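Trainee:
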Amino acid sequence: MTARRIHIATAGSKRLAFTFDGQPLQGVAGDTIASALLGVGVRIVGRSFKYHRPRGVWGGWTDDPNAIFDVSLAGVTKPNVQGTATLLEDGMIVRSVNSWPTARFDVKAGLDLLSPFLPAGFYYKMFKWPDWHLFEPAIRKMAGLGRVGPDVADGPDGLQIHDQCDVLVVGGGPAGLSAARAAAHAGQDVVLVDDHPDVGGSLRDNPCQIDGTAPAVWITPQTDAIKAAGGRIMARTTAFGIYDHSLISLHQTAPFATHPKLIRMRAGRVILATGAIDRPVVFGNNDLPGVMSLRGAAAYLHRHDVLTGTDITLLASAQDVAHFGPMFERAGAQVRVLPLETEGLRAVGRGKVRALSYGTNRHHADAVLCSAGLSPLVHLWCHAGGQLEWDAGRGAFLPGAGPDHLSIVGGARGANDLDQSIDDGHKAATGQTPAPLPSIAPLPTTPKPSRARQWIDLQNDVTTKDVALAAQENFASVEHLKRYTTLGMATDQGKTSNVNGLTALAVQLGKPIADVGTTRFRPPYVPVPLQLYRGARSSTQIAPLQRSVLEPQIRALGGAMAEYGGWLRPAWYGDDMTTAIAQECAQARNDVAMLDASSLGKIEVMGPDAAGFLNFVYYNSIANLPAGKIRYGFMLTERGIIYDDGVMARLDENHFVVSCSSSHVSGVTALLEAWRQDGHDPDRVFVHNVTQAWATVTVTGPKARDVVAALDLGIDLQAEAFAHMSLRLGTYDGMPVRVCRVSFTGELSFEISIARDSAPNLWDHVHQLGATPIGMEATSILRAEKGYIIIGKDTDGETMPQDLGLIGPRDRKTQPYVGNRGLQTPVAKATGRQQLVGLAVPEGATQLPTGAHLTAAGKSIGYVTSSYLSPTLGHPIALGLVQDGLSRLNADLTVYHLGENRSARIVPACWYDPKGDRLNA
Amino acid sequence: MKYSAFSILREGLRGHRGWAKAWHNPTPKDTYDVVIIGGGGHGLATAYYLAKNHGVSRVAVIEKGWLGGGNTGRNTTAIRSNYFYPQSTALYDLSVRLYEDLSRELNYNVMFSQRGIMTLAHSEPDMEMAARQVNAMQLGGVDAELLNRDQVRKYAPLLNFRDDARFPIHGATWQGRAGTGRHDAVAWGYARAADSLGVDIIQNCAVTGVLIEGGVCKGVETSQGLIRAGKVGAAVAGHSTNLADMAGYSLPIHSYALQAFVSEPVKPVMNTVALSPALGVYFSQSDKGGIVVGGGLDRVPSYGQRGNTPMHDVVLGGLVEMAPILAKVKLLRHWGGIVDVTPDSSPIIGPSPVPGLYLNCGWGTGGFKAIPAGGYLFAHLLARDSHHEISRPFDLDRFQTGHLIDESAASGIAH
Amino acid sequence: MQRFPCPFCGLRDEREFSYVGDFGKVRPDTKARVSDAEWAAYLYDQKNPKGQSTEIWVHLPCQEYFKMTRDTVSMDVIDAAPLRKPAQ
Amino acid sequence: MRNDTAKWPAPAVGPRGQVQAQGITLDQITLPRQVLISGPRDAAMALAGTTQATGWPDVAMGDHYALSLRRDRILMVGGQIDSFGWRADVGLATSDIGTGYTVFSLQGPRAEKVLRTGTELSEKIPSASCLRLWNGYDILLYRHTATDRYLLHVGSALAEGLWDMLNRQIRMVSA
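Protein chains in written order, with full-length UniProt numbering: chain R, 1 to 921; chain A, 1 to 415; chain L, 1 to 88; chain B, 1 to 175.
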C-alpha cells in the first residue's frame with residue numbers, strides 16, 4: 001500500500017477518466033493530475049533528465065520538479081505540463097516525458113549505471129576528437145523532455161489585456177487575504193491574484209484554527225469583505241514577472257484546451273504574499289519516489305483527500321513534526337519521526353522508497369515527508385530589483401532592501417507564524433512597518449557525508465558530488481556552479497535546489513553562505529506558454545498592409561494583389577502573369593493605361609517658412625520653385641545617403657505638397673516633423689500628412705490627354721498651357737482635383753488626385769474612356785526602360801546623389817541642407833564609389849538575374865539591382881551599381897551568379913526615349 | 001591536465017578526485033606588459049592569443065564579476081559569417097575558422113555545432129536580395145547557398161508554410177558552416193588555456209580609474225589596487241563609454257538591452273538556426289532541447305540587465321508566427337545583456353584616443369560569434385601596436401572618414 | 001513596459017515613444033568650416049551615461065519632441081519637459 | 001510571382017455592418033466633415049467654431065466638435081470652413097481630410113475592456129490628446145455622447161485591418 005484516496009467525502013464527487021502512459025485511470029473533480037495519480041497509487045511519474053532515474057511527485061504545487069507530462073485533450077497537445085499544478089479534466093491523455101515505453105519501465109533506465117563516468121562538466125572534457133559533430137546527433141536525441149504536439153495553433157492565440165489597480169496582492173493565503181482586505185477597506189482599488197483555483201493558500205494545505213474557527217470559515221468573510229469593498233479576486237492567475245515601472249505580468253489559465261490570458265497589470269503598489277515552500281532534506285537516495293515535501297503531502301491530504309503513504313516517516317523540525325504528525329495519524333497513517341541531523345541516512349528501495357537506513361538501523365517507510373526548513377518565494381521580489389539577505393537561522397534568503405512600491409509579507413518574508421502573517425498583511429496594506437521577525441536557531445540541515453548519492457536538483461540530476469567537483473575545479477562562483485553543473489536550470493528554475501546547492505558549495509569552499517551569494521531569479525516565475533505573447537497578432541495582423549479605396553475596383557478587373565511598400569497593390573491584371581505584364585506595358589507605350597497611385601505620399605507643408613524649410617530638408621533647391629511647378633528631389637541623411645526621392649509641388653507661396661515613395665510616407669513625415677521642431681520655427685511651418693485623404697488615378701500613354709480631356713476637369717491640357725512637371729487645380733464632378741504632370745513611365749502622364757471617396761467614380765470613368773489598368777510589375781518595367789530608379793532597390797545604404805550623376809546641388813547650392821556636410825566627407829569624395837549604370841547583355845542572351853554581381857579579377861565590383869525582359873524593346877535590360885561605373889561606359893564585365901559567369905556591357909541607364917520627347921508631349 | 005575520454009574513465013574509477021582547477025585565483029601583480037579589462041570571451045581570448053601567438057605572457061585579465069558573466073554568457077550562441085561587405089566577411093570568417101578548430105586547440109569542447117543558419121526570404125524582392133548576398137559571400141570565399149522553398153522545408157519543416165503566413169517563405173540564404181556553440185565553454189576554455197600559459201585572471205576586481213601619465217595610459221586603478229601596464233586593452237562590452245569617461249574621450253557607442261529567451265526542453269524539432277528578418281526573430285534548439293530565441297534591441301537605451309515586455313510580444317509572438325507548432329511550448333527564462341551599439345553596427349577595434357589604451361568594443365548583438373577573431377586581432381594590435389589587415393577597416397577613424405561598414409542590408413535584424 | 005510622460009499628452013506606454021538623441025547637441029553651422037572630427041562628433045558621439053541621462057525623445061502619436069531625464073539603470077523617469085513654448 | 005489576393009480578404013464596399021457581442025456593439029459611422037487645423041490653439045478653435053477640444057477622458061457631444069491632437073493641432077469634426085491651405089490671416093494651416101479617417105464606434109458596458117487589449121486606458125490617466133497607439137494602430141480615441149460609447153478614427157488605408165483587429169478582440173473578450 002502506498003498513496004491512496006481516503007475520505008468518504010470524495011465518493012460522491014464527479015469521476016474524471018484519464019489515461020497515464022496508456023493505462024486508464026480515474027480521478028475526481030478538483031484533482032490535479034498529480035493528486036489523481038497519487039490517489040490511485042502511481043509512484044513513478046517520470047524520469048530524470050540525465051540518468052533516467054525514476055521520479056515521483058515531490059511537491060504539492062509549482063515547486064515540484066518531477067511530475068512533468070505531455071497532455072492531450074480535445075485535439076490540443078501541450079508538452080511539459082506541470083502535473084502538480086494542472087487541474088485534471090475528463091478525457092485527458094497523460095504521458096510521462098523522457099521515458100519509453102512508460103515511466104515505470106524505461107528502456108534507458110540503465111544509463112544510471114554509467115553515472116560515475118558522467119560527472120559535471122563531462123561534455124566539456126569529451127568529444128573534441130575527431131569532431132563534436134560525430135557525437136552530437138545521438139546526444140541531442142537523448143535530450144529534451146516533452147514532445148511538441150502536432151497540432152498547429154490557429155491564431156489568434158489568446159487575450160492580452162492591460163489592467164491597473166492601486167494595490168496588487170500576489171498570493172491569497174492568510175497574509176495576502178489580510179492585506180487585500182485591509183487595502184480594500186482603506187478605499188484602495190485592490191486586485192488579489194492566486195495561482196490556485198481558490199484562495200486560502202496554506203490554510204487549505206495545512207489547516208489550523210484561526211481566531212478559534214476553521215480556516216474555511218475564516219476565508220469566506222475575508223473574500224466577501226474584499227469584494228464588498230470593490231476589490232477583485234482572480235484565481236488561477238499567476239503573477240510571473242515584475243517589470244519596469246511596476247508592470248506585473250499575470251497569466252490566467254483556463255480549461256486545458258482553451259486559450260490562456262495575459263493580463264499586464266499596472267499597480268500602484270504590490271504586496272507579495274507568495275508564501276514559502278519546503279526545502280528538501282539532502283540525504284542518500286533522497287530522489288526515490290515516495291520522498292516528498294512535507295507540506296506537499298499535507299496539501300494532497302487536505303485538498304484532495306489523498307494520503308501519500310501508510311507508513312510515513314517525517315524528516316523535519318520538531319515544530320513541523322508536532323504540527324503535521326497528528327494530521328497524518330488522524331488520516332490513518334503510521335507516523336515515525338527522524339531528526340534532521342540523523343547520520344548516514346539513506347533511503348532504500350528500487351523505484352520507490354521502501355525503508356530508511358541509518359547507521360545500523362533500518363525501518364520500513366513507504367513515504368518520507370521532508371522539510372529542512374522553508375524557502376520563501378522571493379522570485380518576484382528579485383524581478384523588481386529587491387535585494388536578498390541570508391538568514392542563517394531560517395537557512396533561507398530573505399528579502400532585504402527593495403523598491404518603495406513593493407512590500408513582501410508573510411511566509412514570503414520569512415514569517416512562518418500564522419498570526420504574524422495576518423498582521424504583516426494588514427500592516428503592509430495600511431502603510432505600517434511590519435513587526436521584526438524573531439530570530440531562530442538554525443536547523444541542522446548541512447548534508448552529512450554519505451556513500452549513497454545525495455540529490456540536490458532532482459530534474460537535472462545534480463548531486464552533492466557534482467557540486468564538490470565544480471568547487472574542486474574552481475567553478476566557485478555561484479553562476480559558474482549553476483552553469484557548470486546545470487544546478488537550478490531545470491523547468492522548476494531551482495525552486496527546491498537553490499539553497500541546498502549553495503549550502504553544498506559553501507561547505508566545499510569553507511565559506512558562509514552569505515559570502516557565496518545566490519544567482520539571480522529571472523522571469524518567468526513559472527514557465528508560460530509562448531502563445532501568450534502572440535495575442536491576436538497572427539497572420540495579416542502582423543504589419544498589416546494599407547489598402548487603397550480603389551481595391552474593390554481593382555479586384556473586379558482581375559488585379560492579382562501583392563505587397564508593395566507596405567500596401568496591397570495589383571501586381572498585374574488577369575490570369576497569366578507573363579502575357580498580362582507584356583500587354584500592360586504595350587498598352588502604356590502605345591495607347592493609354594491607368595494605374596492606382598493612391599499610395600504615393602501626399603504631405604502638405606504650409607506656412608511662411610515652408611519654402612525655406614523644404615530647401616533645407618531637400619537636396620534640390622526648392623526655394624526658387626514657382627507656384628504651379630513641380631520639382632524632383634532627394635531627401636538625404638546627414639551622412640549624405642539618399643533616403644527617399646519624391647516630387648515637390650508648389651501650390652502657392654506658402655503651400656507645398658511633397659510626394660514621396662509609398663513605403664516612406666511615415667518616415668518622411670517623421671523626418672519633416674523632426675527638423676521642423678529642431679532648428680526651425682514650428683509656428684511658421686506645419687506638416688500635414690494627408691496621403692489617406694486623397695486617392696490618385698494616373699492616366700499614362702500617348703493617348704492620355706484624350707482621356708483626361710473627356711473628364712472635363714476645367715483645365716487646359718495642352719502642352720504649352722500645362723507643361724511636364726507642373727500642377728493644375730480643377731474639378732471632377734464638382735469635387736476638387738489636383739492634376740500633376742509627372743511621369744514614372746516615360747509617357748505623357750496625368751496624376752489626378754481627388755478626395756478619397758470620389759476616386760472610385762473617377763477610376764470607373766477613366767476605365768470607361770478606354771484606359772487599361774496596369775499593375776506594379778508593368779509599371780516597374782516601364783520605369784526601368786527609362787532608367788528611373790527605385791530608392792532602396794537601385795540604390796543602397798551607401799548611395800549618394802553623385803553616384804547617380806546628380807551633382808548640381810552639391811556643387812552649387814550654397815544654403816545648408818540636410819546631408820551637405822556628409823557629401824564633403826572623405827568617403828563621399830573617394831574613388832571607387834558604386835555608381836548606377838545600365839547593363840546590356842550580348843545579342844540573344846537571356847536577362848541577367850537581379851542580385852548577380854559584376855566582377856573584376858574575381859572580386860565583386862557591384863551588382864545588378866533591377867533586371868527585366870523589356871517588352872517594348874524586345875531584349876533584356878538591367879540596372880546596376882558598379883564601382884566607378886559612370887567612367888566605365890561600354891566596358892564588358894563578367895557577371896557572376898551562383899557559380900556561373902557570363903558577360904554584360906555597361907551602357908547608359910536609359911533605353912527608351914532618352915530625350916524625353918514622349919513625356920513632354 | 002589534459003581532458004580526454006581516458007582521463008574521464010580514469011577519474012570515473014577513482015571518484016573524480018584528480019581533476020585540477022580550471023584556472024587559478026592569483027593576486028594581482030604590480031605591473032604587467034598588458035592588462036586586459038574585461039574577463040568576457042573577447043578579453044580572455046585576447047589574453048590567450050597574446051601569450052600563445054605573440055609570446056606576451058605577463059598579461060592580466062581583470063574582471064569585475066565572474067569570468068564569462070557578461071554578454072558571453074547571455075547570448076543566443078549563434079556563430080556565422082554570412083555578411084555582405086568583404087571587410088565583415090574577412091573578420092567573421094576568421095572567427096568561424098578559428099571556432100572550427102577551437103575545441104581541439106583549447107582541449108575544451110566548446111560544442112561548435114555547424115548545423116547551418118538560414119536567413120529566410122519572404123518575397124521575390126527578398127529572394128533577389130538573398131541572391132545578392134549569396135553571390136557576395138561566394139565571391140568572398142565564404143560558403144553560401146541560395147535555398148528554395150522546398151529546400152527550406154527540408155531543413156526546417158516546423159516553419160510556417162501555411163497559406164495565411166504573413167511572411168511566406170520563398171527561400172533562404174544558407175550558410176552550412178555556421179551554427180551554434182556552448183557560450184560558457186568558450187569563456188571557460190579560453191580562460192583555462194590562458195591560465196595554463198601564465199596569464200593572471202583576476203576576478204571580482206573592478207576598474208575604478210585609468211592611470212594616465214603624460215597623456216599616456218600607464219595602467220588601471222582597481223578595487224584590488226593600482227596595476228601598472230605597458231598597454232591596456234579594453235574589452236568591456238556594454239560599458240565601453242563608462243571606461244571612455246574615465247579616460248577622457250568620447251565614443252560613438254550607445255548601450256542597449258538585448259534580450260534572449262529559452263523555452264523548456266523539448267525533444268528535437270529544429271536542427272538548424274533560422275532567422276526571419278521580417279519578423280525580427282531567430283531561433284535554434286539547444287542540445288539540451290530548449291528553443292533558444294533572439295530578436296532585436298529593446299526600444300529604450302538601457303544599462304539595466306533585464307528586458308522590457310514590448311520586445312517579448314515582438315520576438316515570442318513572432319516566433320509563434322514563424323513556427324506555429326511551438327505555440328504551446330513554454331518560455332522557461334528570459335534575460336538581457338547590455339550591448340554596445342555603434343552607428344553602423346560594426347565593431348571598433350583599434351587604438352583609443354588615449355595612447356597606450358586600446359579598444360575592442362561595439363560588437364552590438366554579434367559579439368559572441370566574433371570572440372576568437374576579436375581576441376586574435378586585438379592581441380595582434382596590442383602586441384605589435386599596429387593593425388592586422390583584417391581589423392584595419394574597423395578602426396575608430398572610420399567615423400571621421402565616413403567609411404562605415406553598415407551591414408543592415410545583409411541581415412534583417414539590426415545587429 | 002515602461003511609461004513615459006509626454007509633456008502634452010501625459011503618461012503613455014513606451015511603445016508610443018522613440019529615443020531621438022542626447023540633449024544639447026546642435027547641428028554645426030555648415031556654412032562655416034566644420035572639420036571631419038567635429039562633424040563625426042556631432043553625428044555619432046554619445047554621452048551614454050550609466051545613471052542619470054538627459055535625452056531628446058519623441059512621442060510618436062502626437063510627434064512632440066521633448067526633453068526627458070531618466071535613470072538608465074533603474075529606469076526611473078526623473079523629469080520631462082517640452083522643448084516648445086506652451087500652447088497659447 | 002506570388003499572388004496574395006486570397007490571403008487578404010477583399011475589403012468592405014460601403015459601411016461595414018454592425019457587430020454585436022455581449023455588452024459590445026461595433027459600428028462604422030460617417031462623420032459630416034473632418035478638417036485638420038494646425039497653429040495656435042485659440043485661433044484654431046475660433047476657426048473651427050468650437051470652445052473646447054476633446055482629449056481623454058472627455059466626452060464629445062453633438063455633430064460639431066473639435067478633437068485635441070497635438071500641442072498645435074486639432075481635428076475639427078462637422079462645422080464649416082471655406083478654404084484650405086495656409087490661412088495667413090489667422091496663421092493656421094488647414095487640410096480637408098474628407099474620409100481620410102474612417103470612424104468606428106464601439107459601445108456598451110464591455111467596450112472599455114475591448115479597448116484595454118490595445119493600450120493602457122484608464123479614466124485615471126487623463127490625456128490632452130486623443131491620439132494613441134492601439135494594438136499597433138495609430139488612432140484617435142475619445143468618448144462621444146456617453147461614457148461607454150467610444151469613437152475610433154483610423155487612417156482609412158488601415159481601416160480594414162483595424163476592423164478585423166476589433167473583431168478579433170471582441171471575440172476574445174467575449175470568449
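We put the beta carbon where it would ideally sit given N, CA and C, even for glycine.
Nothing here was measured: the structure is a model prediction, and the numbers come from that model.
Taking the continuous alpha helix (DSSP H) assigned at residue 922/R, which residues delimit it?
Mentor: A query on residue 922/R cannot be resolved here, the shown segment of chain R reaching from 1 to 921 and no further.
Trainee: Starting from the N-terminal side, write out each stretch of the beta strand (DSSP E) that is 3 residues or longer and does not extend beyond the segment 89-125 of chain R.
Mentor: Those beta strand (DSSP E) runs which fall completely within the segment 89-125 of chain R and span 3+ residues are 92-96.
Trainee: Using a 10 Å radius around the Cβ and a threshold of 16 neighbouring Cβ atoms, would you call residue 90/L buried or exposed?
Mentor: The structure shown does not extend to residue 90/L, since chain L is modelled only from 1 to 88, so the question has no answer here.
Trainee: Bridge partners for residue 330/R per DSSP, in chain order?
Mentor: As a working mapping, residue 330/R is identified with position 330 in the first sequence. DSSP lists no partner for residue 330/R.
Trainee: My assumption, with CB atoms under 8 Å, is that residue 75/A sits in contact with residue 368/A. Please give the rounded CB distance.
Mentor: Against the second sequence, residue 75/A aligns to sequence position 75. Against the second sequence, residue 368/A aligns to sequence position 368. Between residue 368/A and residue 75/A the Cβ distance is about 4 Å, and since that is below 8 Å, they are a contact.
Trainee: Among residues of its own chain, excluding the 5 on either side of residue 52/L, which ones have a beta-carbon nearer than 7 Å to its beta-carbon?
Mentor: Translated into positions along the third sequence, residue 52/L becomes position 52. So the list reads 69, 71, 78, once near-sequence residues are dropped.
Trainee: Considering only residues of the same chain and omitting the five flanking positions on each side of residue 713/R, which have a CB-CB separation below 7 Å?
Mentor: The residue you call residue 713/R lines up with position 713 of the first sequence. Closer than 7 Å at Cβ, skipping near neighbours: 730, 731, 732, 737, 739.
Trainee: Quick one: is residue 1/R buried, meaning 16 or more other Cβ sit within 10 Å of its Cβ, or exposed?
Mentor: The residue you call residue 1/R lines up with position 1 of the first sequence. Low confidence applies to residue 1/R: its pLDDT is 45, below 50, so where it sits in the model is not reliable, and the reading given next is rough at best. Label assigned to residue 1/R: exposed.
Trainee: Output the residue ranges of the beta strand (DSSP E) runs that lie fully inside the segment 570-641 of chain R and measure 3 residues or longer, sorted by chain position.
Mentor: Complete beta strand (DSSP E) runs here, min 3: 593-596, 603-606, 630-636.
Trainee: Skipping 5 residues on each side, what residues in its chain have a beta carbon closer than 7 Å to that of residue 156/B?
Mentor: Residue numbering aside, residue 156/B sits at position 156 when the fourth sequence is read from its first letter. Here the set comprises 99, 100, 101, 102.
Trainee: For residue 81/B, decide whether its Cβ has a neighbour in chain L, counting only Cβ atoms nearer than 9 Å.
Mentor: Mapped onto the fourth sequence, residue 81/B falls at position 81. Judged by the 9 Å Cβ criterion, residue 81/B is not in contact with chain L.
Trainee: I want to see whether chain L comes within less than 9 Å of residue 156/B, judged by CB atoms only; does it?
Mentor: Your numbering for residue 156/B matches position 156 in the fourth sequence. So no, residue 156/B is outside the interface.
Trainee: Could you name the residues of chain A that residue 896/R contacts, counting a contact when the two beta carbons are closer than 9 Å?
Mentor: Here residue 896/R is taken as the residue at index 896 of the first sequence, counted from 1. Here the neighbours are 135, 138, 139.
Trainee: Using DSSP's beta-bridge definition, name the partner residues of residue 363/R.
Mentor: Numbered from its first residue, the first sequence carries residue 363/R at position 363. Paired residues: 356/R.
Trainee: If you measure from the beta carbon of residue 86/B to each beta carbon in chain R, is any gap under 9 Å?
Mentor: On the fourth sequence, residue 86/B is found 86 positions in, with the first residue counted as 1. It does; some Cβ of chain R falls within 9 Å.
Trainee: At a Cβ threshold of 9 Å, is residue 2/L touching chain B?
Mentor: Working through the third sequence from its first residue, we reach residue 2/L at position 2. Taking Cβ atoms only, chain B never reaches closer than 9 Å to residue 2/L, which makes this a no.
Trainee: Expressed to the nearest angstrom, what Euclidean distance is found between the alpha-carbon atoms of residue 70/A and residue 566/R?
Mentor: Locating residue 70/A in the second sequence gives position 70, where the first residue counts as 1. Locating residue 566/R in the first sequence gives position 566, where the first residue counts as 1. Each residue's Cα considered, the two are about 39 Å apart.
Trainee: Could you give the first and the last residue of the continuous beta strand (DSSP E) run that contains residue 897/R?
Mentor: Along the first sequence, one-based indexing puts residue 897/R at 897. Unbroken beta strand (DSSP E) run through residue 897/R: 892-897.
Trainee: Under 9 Å, Cβ to Cβ, is there at least one residue of chain L near residue 66/B?
Mentor: Locating residue 66/B in the fourth sequence gives position 66, counting from the first residue. Closer than 9 Å: no.
Trainee: Mind checking residue 108/R: buried by the 16 CB within 10 Å criterion, or exposed?
Mentor: Along the first sequence, read from residue 1 onward, the residue named residue 108/R stands at position 108. Under this definition residue 108/R is an exposed residue.
Trainee: With a threshold of 16 other CB atoms inside 10 Å of the CB of residue 29/B, please say whether the residue is buried or exposed.
Mentor: Taking the fourth sequence and counting its residues from 1, the one referred to as residue 29/B is at position 29. Exposed, because fewer than 16 other Cβ atoms sit within 10 Å of the Cβ of residue 29/B.
Trainee: Identify whether residue 261/A lies in helix, strand or coil by the three-state DSSP scheme.
Mentor: Here residue 261/A is taken as the residue at index 261 of the second sequence, counted from 1. Correct three-state label for residue 261/A: strand.
Trainee: Where residue 44/R and residue 3/B are concerned, what is the direct C-alpha to C-alpha distance, given to the nearest angstrom?
Mentor: Counting from one through the first sequence, the residue named residue 44/R turns up at place 44. Counting from one through the fourth sequence, the residue named residue 3/B turns up at place 3. Straight-line Cα distance between these residues: approximately 54 Å.
Trainee: Along the chain, where does the alpha helix (DSSP H) containing residue 380/A start, and where does it finish?
Mentor: Stepping through the second sequence from its first residue, residue 380/A is reached at position 380. It spans 371-384 - the alpha helix (DSSP H) in which residue 380/A sits, taken as one unbroken run.
Trainee: Cα separation between residue 88/L and residue 41/B?
Mentor: Residue mapping note: residue 88/L aligns to position 88 of the third sequence, counting from 1. Residue mapping note: residue 41/B aligns to position 41 of the fourth sequence, counting from 1. Only weak support is given to the placement of residue 88/L: the predicted model assigns it a pLDDT of 42, under 50, and the value that follows is read from those uncertain coordinates. Their Cα atoms are separated by approximately 6 Å.
Trainee: Mapping the DSSP letters down to three states, classify residue 113/A as helix, strand or coil.
Mentor: On the second sequence, position 113 is the one that residue 113/A refers to. Strand.
Trainee: Have a look at 117/A, 407/A, 245/A, 341/A and flag the residue whose alpha-carbon is nearest the alpha-carbon of residue 256/A.
Mentor: By 1-based counting over the second sequence, the position of residue 256/A is 256. Among 117/A, 407/A, 245/A, 341/A, the Cα nearest to that of residue 256/A is on 341/A.
Trainee: Residue 839/R and residue 923/R - do their beta-carbons sit closer together than 9 Å?
Mentor: Residue coverage of chain R in this structure runs from 1 to 921, which leaves residue 923/R outside it and unanswerable.
Trainee: Please look up how many angstroms separate the CB atoms of residue 176/R and residue 535/R, rounded, as I've assumed it's under 8 Å.
Mentor: Counting from 1 along the first sequence, the entry for residue 176/R is found at position 176. Counting from 1 along the first sequence, the entry for residue 535/R is found at position 535. Contact flag wrong, Cβ pair sits at about 28 Å.
Trainee: Just to confirm, are residue 603/R and residue 498/R a CB contact at a threshold of 9 Å?
Mentor: Taking the first residue of the first sequence as 1, we reach residue 603/R at position 603. Taking the first residue of the first sequence as 1, we reach residue 498/R at position 498. The answer is no: Cβ separation not under 9 Å.
Trainee: List the residues of chain L that residue 228/A touches, going by C-beta distances under 8 Å, in chain order.
Mentor: Your numbering for residue 228/A matches position 228 in the second sequence. By Cβ distance, chain L contributes nothing, its closest Cβ being about 26 Å from residue 228/A, past 8 Å.
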